[in-house]
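Participant:
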Amino acid sequence: QKEVEQNSGPLSVPEGAIASLNCTYSDRGSQSFFWYRQYSGKSPELIMSIYSNGDKEDGRFTAQLNKASQYVSLLIRDSQPSDSATYLCAVKVGRDGGTSYGKLTFGQGTILTVHP
Amino acid sequence: EPEVTQTPSHQVTQMGQEVILRCVPISNHLYFYWYRQILGQKVEFLVSFYNNEISEKSEIFDDQFSVERPDGSNFTLKIRSTKLEDSAMYFCASSESDLNTEAFFGQGTRLTVV
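Pasting the structure below:
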């Protein structure tokens, strides 16, 4: 069973702080990694994608990938109350036997609460 | 900004009835997906569709389900003989390619089977 694991939280941080969200995955063939934000009752909204080891920054968000440790994280700097949501880690497995169809495997999500 | 659109936003149906959920993927995207999320649970993959055929499906996607691209823009999910446990949010998504590209989700259809 190919799994994506996240701490369900809730993770509570004060406004202006750094929120750190973590995700591990079991399939070493995983090649593409994504962070989605989901507000209650809404659809997943893409925040970041990362495909190679290291850090990728976009505004207040930084994604970090370590394929050797099978670990991906998301840092949110200067957290705002509007960042309060569930953050979903999603993984796409690379081509296996010459085929890949883009299926995303999601973690259960981490609930983030940013309090004023 | 291009987006994936889904209709209806909410569908209530009686157990045993058939429902069709509709999606319009982003126009230059070639890969289409359906996912579902039962309340309080993970987002689960149902099926991927490429080049006018199913390319991968999950164990959930049994004979009760079917997908179709009836024209150049719509992508549909049909659920036959709905069951109470089919109640969930159903999300359509699309992407340009399968590898190293981002998938964008529609706003979802909340299906309630009564």
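Chains A and B, in that order, give the protein sequences.
Count the first sequence with the numbering used here and you get residues 48 to 163, in order.
Count the second sequence with the numbering used here and you get residues 491 to 604, in order.
A virtual CB, placed ideally from N, CA and C, is assigned to each residue, including glycine.
Are the C-beta of residue 155 of chain A and some C-beta of chain B separated by less than 8 Å?
Facilitator: Against the first sequence, residue 155 of chain A aligns to sequence position 108. It does: the Cβ of residue 155 of chain A has a partner Cβ on chain B nearer than 8 Å.
Participant: Check each residue of the stretch 546 to 566 of chain B: if its Cβ is closer than 9 Å to any Cβ of chain A, include it; give the result in chain order.
Facilitator: Correct list: 546, 548.
Participant: For residue 72 of chain A, which residues in the same chain have their Cβ closer than 6 Å to its Cβ, ignoring the five residues on either side in sequence?
Facilitator: Taking the first residue of the first sequence as 1, we reach residue 72 of chain A at position 25. Result list for residue 72 of chain A: 51, 117, 138, in chain order.
Participant: Let me know if residue 523 of chain B comes out buried or exposed under the rule of 16 or more other beta-carbons within 10 Å of its beta-carbon.
Facilitator: Along the second sequence, one-based indexing puts residue 523 of chain B at 33. Counting Cβ neighbours within 10 Å, residue 523 of chain B comes out buried, since at least 16 surround it.
Participant: Which bits of chain A does residue 511 of chain B rub up against, with CB to CB less than 7 Å?
Facilitator: On the second sequence, position 21 is the one that residue 511 of chain B refers to. The premise fails here: residue 511 of chain B is roughly 13 Å from chain A at the closest Cβ pair, so nothing lies under 7 Å.
Participant: Are the C-beta of residue 598 of chain B and some C-beta of chain A separated by less than 8 Å?
Facilitator: Within the second sequence, residue 598 of chain B is the residue found at index 108, counting from 1. At least one chain A Cβ lies under 8 Å of residue 598 of chain B.
Participant: What whole-angstrom Cβ distance do residue 527 of chain B and residue 597 of chain B have, given they're in contact under 8 Å?
Facilitator: Walking along the second sequence from the start, residue 527 of chain B turns up at place 37. Walking along the second sequence from the start, residue 597 of chain B turns up at place 107. Contact doesn't hold; Cβ gap of about 13 Å is too wide.
Participant: So, do the stretch 544 to 557 of chain B and the stretch 495 to 514 of chain B have three or more beta carbon pairs nearer to each other than 8 Å?
Facilitator: Verdict: no, contact absent.
Participant: Give me the residue from A/136, A/132, A/56, A/140 with the minimum Cα distance to residue 120 of chain A.
Facilitator: Here residue 120 of chain A is taken as the residue at index 73 of the first sequence, counted from 1. Looking at the Cα atoms, A/136 is the closest of the given residues.
Participant: Does any residue of chain A bring its CB to less than 8 Å from the CB of residue 589 of chain B?
Facilitator: Locating residue 589 of chain B in the second sequence gives position 99, counting from the first residue. For residue 589 of chain B, the answer is yes, since a Cβ of chain A falls inside 8 Å of its Cβ.
Participant: Would you please state the rounded distance, in angstroms, between the beta carbons of residue 59 of chain A and residue 160 of chain A? I believe it to be under 8 Å.
Facilitator: In the first sequence, counting from the first residue as 1, residue 59 of chain A sits at position 12. In the first sequence, counting from the first residue as 1, residue 160 of chain A sits at position 113. Right, the Cβ-Cβ distance comes to about 5 Å (below 8 Å), so this counts as a contact.
Participant: Residues of chain A with a CB under 7 Å from the CB of residue 533 of chain B: which are they?
Facilitator: Along the second sequence, one-based indexing puts residue 533 of chain B at 43. Per Cβ cutoff of 7 Å: 91, 135, 153.
Participant: Using the beta-carbon of each residue, which ones in chain A are nearer than 7 Å to residue 580 of chain B?
Facilitator: Here the question's residue 580 of chain B lines up with position 90 in the second sequence. Those do not exist, as residue 580 of chain B stays about 10 Å from chain A at its closest Cβ, beyond 7 Å.
Participant: I want to see whether chain A comes within less than 8 Å of residue 493 of chain B, judged by CB atoms only; does it?
Facilitator: Counting from one through the second sequence, the residue named residue 493 of chain B turns up at place 3. Cβ-Cβ to chain A under 8 Å: no for residue 493 of chain B.
Participant: Near residue 100 of chain A, what residues of its chain come up, given a Cβ to Cβ distance below 7 Å and the 5 sequence neighbours on each side ignored?
Facilitator: Within the first sequence, the letter at position 53 stands for residue 100 of chain A. Same-chain partners within the cutoff: 112, 113, 114.
Participant: From residue 98 of chain A to residue 87 of chain A, what distance separates their C-alpha atoms?
Facilitator: Along the first sequence, read from residue 1 onward, the residue named residue 98 of chain A stands at position 51. Along the first sequence, read from residue 1 onward, the residue named residue 87 of chain A stands at position 40. Roughly 28 Å between the two C-alpha positions.
Participant: Can you tell me whether residue 567 of chain B is buried or exposed? The criterion is at least 16 other CB atoms within 10 Å of its CB, across all chains shown.
Facilitator: Residue numbering aside, residue 567 of chain B sits at position 77 when the second sequence is read from its first letter. So residue 567 of chain B ends up on the buried side.
Participant: Mind listing which residues of the stretch 68 to 98 of chain A have their C-beta closer than 9 Å to chain B's C-betas, in chain order?
Facilitator: Listed by position, the residues of the stretch 68 to 98 of chain A near chain B (Cβ gap below 9 Å) are 78, 79, 81, 83, 85, 88, 89, 90, 91, 92, 93, 96, 98.
Participant: Relative to chain A, which residues along the stretch 567 to 578 of chain B have a C-beta separation below 7 Å, given in chain order?
Facilitator: Within the stretch 567 to 578 of chain B, no residue has a Cβ that lies closer than 7 Å to any Cβ of chain A.
Participant: Given that a residue counts as buried once 16 or more other Cβ atoms are within 10 Å of its Cβ, and exposed if not, what is residue 537 of chain B?
Facilitator: Against the second sequence, residue 537 of chain B aligns to sequence position 47. Classification of residue 537 of chain B: buried, given that the 10 Å Cβ count is 16 or more.
Participant: For a minimum of 3 consecutive residues, which ranges assigned as the beta strand (DSSP E) are wholly contained in the stretch 528 to 562 of chain B?
Facilitator: Taking only runs of at least 3 residues, the beta strand (DSSP E) segments lying wholly in the stretch 528 to 562 of chain B are 533 to 540, 543 to 547, 555 to 558.
Participant: Check residue 112 of chain A in the structure and name its three-state DSSP category.
Facilitator: For the purposes of this step, residue 112 of chain A is taken as residue 65 along the first sequence, with counting starting at 1. If DSSP states are grouped into helix, strand and coil, residue 112 of chain A belongs with the strands.
Participant: Who are the neighbours of residue 543 of chain B on chain A, taking C-beta pairs under 9 Å?
Facilitator: The sequence position of residue 543 of chain B within the second sequence is 53, counting from 1. By Cβ distance, chain A contributes nothing, its closest Cβ being about 11 Å from residue 543 of chain B, past 9 Å.
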